[in-house]
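Asks: Residue numbers (our numbering): -3 to 401. Structure below; questions to follow.
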Amino acid sequence: MPDVFADLVGQDEAVATLRHAAAAAAAVLRRTAREDEPGDGVDPSAGMTHAWIFTGPPGSGRSVAARAFAAALQCVHGTGCGDCPGCHTTLTGTHADVRLVVPEGLSIGVGEMRALVLRAASTPSGGRWQVVIIEDADRLTEAAGNALLKAIEEPPPRTVFLLCAPSTHPDDISVTIRSRCRLVPLRQPPAAAVAEVLVDRDGIAPDVAQWAAAAAQGHVGRARRLARDPEARKRRDAVLAVPRRLTGVGTALDAASALIEAAEAEAEAAVAEADAAERAALQTALGAGGTGRGAAGAMRGAAGQLKDLEKRQKSRATRAQRDALDRALVDLAGFYRDALTMALGAPVEPVHTDTAAVARAGAQKWDAEGALRRLEAVLACRAAIEANVKPRIAVEAMMLTLWRG
Ligand SMILES: [Zn+2]
-3 MPDVFADLVG QDEAVATLRH AAAAAAAVLR RTAREDEPGD GVDPSAGMTH AWIFTGPPGS
57 GRSVAARAFA AALQCVHGTG CGDCPGCHTT LTGTHADVRL VVPEGLSIGV GEMRALVLRA
117 ASTPSGGRWQ VVIIEDADRL TEAAGNALLK AIEEPPPRTV FLLCAPSTHP DDISVTIRSR
177 CRLVPLRQPP AAAVAEVLVD RDGIAPDVAQ WAAAAAQGHV GRARRLARDP EARKRRDAVL
237 AVPRRLTGVG TALDAASALI EAAEAEAEAA VAEADAAERA ALQTALGAGG TGRGAAGAMR
297 GAAGQLKDLE KRQKSRATRA QRDALDRALV DLAGFYRDAL TMALGAPVEP VHTDTAAVAR
357 AGAQKWDAEG ALRRLEAVLA CRAAIEANVK PRIAVEAMML TLWRG
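Pasting the structure below:
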């Protein structure tokens, strides 16, 4: 059985830090258990702290690292063996003392954060730690960030906060929160390391694994999906066909529409199942129908709850759409990066081996400067959408630049 850190691809330094911390945390628990005995003079808490930030580019495994560390903290052996009930329940998401916040909308609100902080202050039922994992901590609202900061400033003795964010830039994480957390920087794993994982752990054929690892640009989850899911491959092919199709204003605008609509369709498919299940669960909980005294009041309450659910689902759909569009833009950026490195004659492997010939033709036609302008247009489009520009407007502007150069 591989231990809980086995999924952290190419992150030796971070894994060493986390192993050390888990051992220190186990020592703290042991010392607390025999409080009345004389200490041995060594501070067992060195190496462990109550608040951590995992940073790194998308796909580097921020949440994988946070979950693995949470498992190691709950491990009955204190190591993250991967086999004991503590490790197992943490990794499957059923441990009573591990709370995972995955924002479904574009931000995590203050209500959710207050409730979480309150529950996190209780005594761990398993006798080890209360662990709170916040994925995408950069999506906290300011008020939610303040609620979290308060908890981190005056931490309950057995509570550990694990935050995940793209970076420690003040736009992502407030400076005050950052100053109270220990940082675990993760790097983008090399394609070879990602391919190795796909072969060893997922049983994917080596040639497919290598192609998918390169095409996913170091994103492990994306590589796995490309290797396994024909739909994901089809969507990627459609995106990479865009550069060849841009022959005029009309085709550029058509390509923009196609890209937006594909992202919408992908997002819809991704959230449809969850939406239906949630609606059904809520309707069951509220009880369909009902007459007599109190029924009218109950109906009013139900309408409010349904409205609330719809609001959350809408926000999740928006987020899924943006994520789908962003994946497409990352693929497109990879293509123009290939054209740029070819125009420069740089000795690097292409991101997309299957469109290398098209990229080479582009490199000859556009030169390095033209390839760079196009790459910059894709990156500017991502930045604009991130800054809340309407996706259609940003994508249309990008397509026109990709055509004209
Ligand atoms: Zn274990």
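Ideal Cβ placement from N, Cα and C applies to all residues, glycine included. Keep in mind that this is a model prediction, so the values were computed, not measured.
Under a Cβ-count criterion, where at least 16 other Cβ atoms within 10 Å of its own Cβ denotes burial, should His16 be classed as buried or exposed?
Replies: With fewer than 16 other Cβ atoms within 10 Å, it is exposed.
Asks: Which whole-angstrom value describes the C-beta separation of Leu182 and Phe331, a residue pair presumed to lie in contact below a C-beta threshold of 8 Å?
Replies: With 8 Å as the limit, Leu182 and Phe331 do not qualify as a contact, their Cβ atoms being about 26 Å apart.
Asks: Measuring only the C-alpha atoms, how far is Arg378 from Ile256?
Replies: The straight-line gap from Cα to Cα measures roughly 13 Å.
Asks: Under 7 Å from any heavy atom of ligand 1, does the C-beta of His73 make it?
Replies: At least one heavy atom of ligand 1 is nearer than 7 Å to the Cβ of His73, so yes.
Asks: Can you tell which of Leu69, Ser103, Trp48, Ala339 has its C-alpha closest to the C-alpha of Val24?
Replies: Among Leu69, Ser103, Trp48, Ala339, the Cα nearest to that of Val24 belongs to Leu69.
Asks: What are the uninterrupted segments assigned as beta strand (DSSP E) that are 3 or more residues long and contained completely in the region 208 to 254, given in chain order?
Replies: With a minimum length of 3 residues, no continuous beta strand (DSSP E) run stays inside the region 208 to 254.
Asks: Using three-state DSSP, classify Gly37 as helix, strand or coil.
Replies: With a pLDDT of 49 at Gly37, under the threshold of 50, the predicted position of this residue should be treated as unreliable, though the coordinate-derived value follows. Coil.
Asks: Who are the near neighbours of Ala259 in its chain, counting only those whose CB is closer than 7 Å to its CB and skipping five residues on each side?
Replies: Around Ala259: Gln317, Ala320, Leu321, Ala324.
Asks: Does DSSP put Phe65 in a helix, in a strand, or in coil?
Replies: Residue state, collapsed to three classes: helix.
Asks: Which of helix, strand or coil does DSSP assign to Thr164?
Replies: Thr164: coil per DSSP, three-state reduction.
Asks: Is it the case that the CB of Asp93 approaches a heavy atom of ligand 1 more closely than 7 Å?
Replies: No, the Cβ of Asp93 stays beyond 7 Å of every heavy atom of ligand 1.
Asks: Going by DSSP, name the residue or residues bridged to Gln126.
Replies: Answer is Thr155.
Asks: Identify every residue that forms a DSSP beta bridge with Arg58.
Replies: Looking at the DSSP assignment, Arg58 forms no beta bridge with any residue, so it has no partner.
Asks: May I ask you to verify whether the region 121 to 140 touches the region 153 to 162, counting CB pairs closer than 8 Å and requiring at least 3?
Replies: Segments in contact, yes.
Asks: Under 7 Å from any heavy atom of ligand 1, does the C-beta of Asp79 make it?
Replies: Yes - ligand 1 has a heavy atom lying nearer than 7 Å to the Cβ of Asp79.
Asks: Could you check how far apart the C-beta atoms of Glu345 and Leu305 are, in whole angstroms? I think they sit under 8 Å.
Replies: That belief does not hold up - the Cβ atoms of Glu345 and Leu305 are roughly 47 Å apart, past 8 Å.
Asks: For Pro181, which of helix, strand or coil comes out of DSSP?
Replies: Here Pro181 sits in strand by DSSP.
Asks: Are Pro185 and Val5 touching if we call contact CB-CB under 8 Å?
Replies: Taking 8 Å as the Cβ cut-off, Pro185 and Val5 qualify as a contacting pair.
Asks: What first and last residue would you give for the beta strand (DSSP E) that runs through Arg95?
Replies: Counting along the chain, the beta strand (DSSP E) containing Arg95 begins and ends at 94 to 97.
Asks: Between the beta-carbon of Ala402 and the beta-carbon of Leu398, is there less than 8 Å?
Replies: A question about residue 402 goes unanswered here, because the residues of the chain that appear run from -3 up to 401.
Asks: Closest by CA to Phe65, which one among Ala18, Val204, Ala22?
Replies: Of Ala18, Val204, Ala22, the residue nearest in Cα terms is Ala18.
Asks: Based on DSSP bridge pairs, tell me the residues matched to Phe50.
Replies: Its beta-bridge partners are Cys160, Val180.
Asks: Please determine whether the Cβ atom of Cys160 lies at a distance below 7 Å from any heavy atom of ligand 1.
Replies: The answer is no for Cys160.
Asks: In angstroms with no decimal places, state the Cα-to-Cα distance between Leu114 and Arg308.
Replies: Going from the Cα of Leu114 to the Cα of Arg308 covers about 22 Å.
Asks: Is Ile169 near Thr137, with beta carbons less than 8 Å apart?
Replies: It is not a contact, given that the beta carbons lie outside the stated cut-off.
Asks: Out of curiosity, what's the CA-to-CA distance linking Ala402 and Ala277?
Replies: This structure does not reach residue 402, given that the chain is present from -3 up to 401, and the question cannot be answered.
Asks: Hey, out of Ala393, Pro239, Thr243, Leu145, whose CA is closest to Arg333's CA?
Replies: Nearest option by C-alpha distance: Pro239.
Asks: Any heavy atom of ligand 1 closer than 7 Å to the beta-carbon of Gly82?
Replies: For ligand 1, at least one heavy atom lies less than 7 Å from the Cβ of Gly82.
Asks: Near Ile173, what residues of its chain come up, given a Cβ to Cβ distance below 6 Å and the 5 sequence neighbours on each side ignored?
Replies: Counting only Cβ-Cβ distances below 6 Å, and skipping sequence neighbours, we find Leu145.
Asks: Can you have a look at Gly35 and say buried or exposed, based on whether 16 or more other CB atoms are within 10 angstroms of its CB?
Replies: For Gly35, the predicted structure reports a pLDDT of 49, less than 50, and the residue's modelled location is therefore unreliable. The matter cannot be settled from this model.
Asks: Terminal residues of the continuous alpha helix (DSSP H) containing Gln360?
Replies: Segment 352 to 382, the alpha helix (DSSP H) holding Gln360.
Asks: May I ask you to report which of helix, strand or coil DSSP gives Ile200?
Replies: Note: Ile200 maps to coil in three-state DSSP.
Asks: Along the alpha helix (DSSP H) that carries Ile148, what are the first and last residues, could you check?
Replies: Counting along the chain, the alpha helix (DSSP H) containing Ile148 begins and ends at 138 to 149.
Asks: Counting C-beta neighbours from all protein chains within 10 Å, is the total for Asp203 16 or more, i.e. buried, or is it exposed?
Replies: Label assigned to Asp203: exposed.
Asks: Output the distance between the C-alpha atoms of Ala228 and Gln213, rounded to the nearest integer angstrom.
Replies: When rounded, the distance between both Cα atoms is 15 Å.
Asks: Please return the same chain residues whose Cβ sits closer than 7 Å to the Cβ of Leu336, not counting the five positions on each side in sequence.
Replies: Only Ala364, Ala367, Leu368, Leu371 meet the Cβ criterion.
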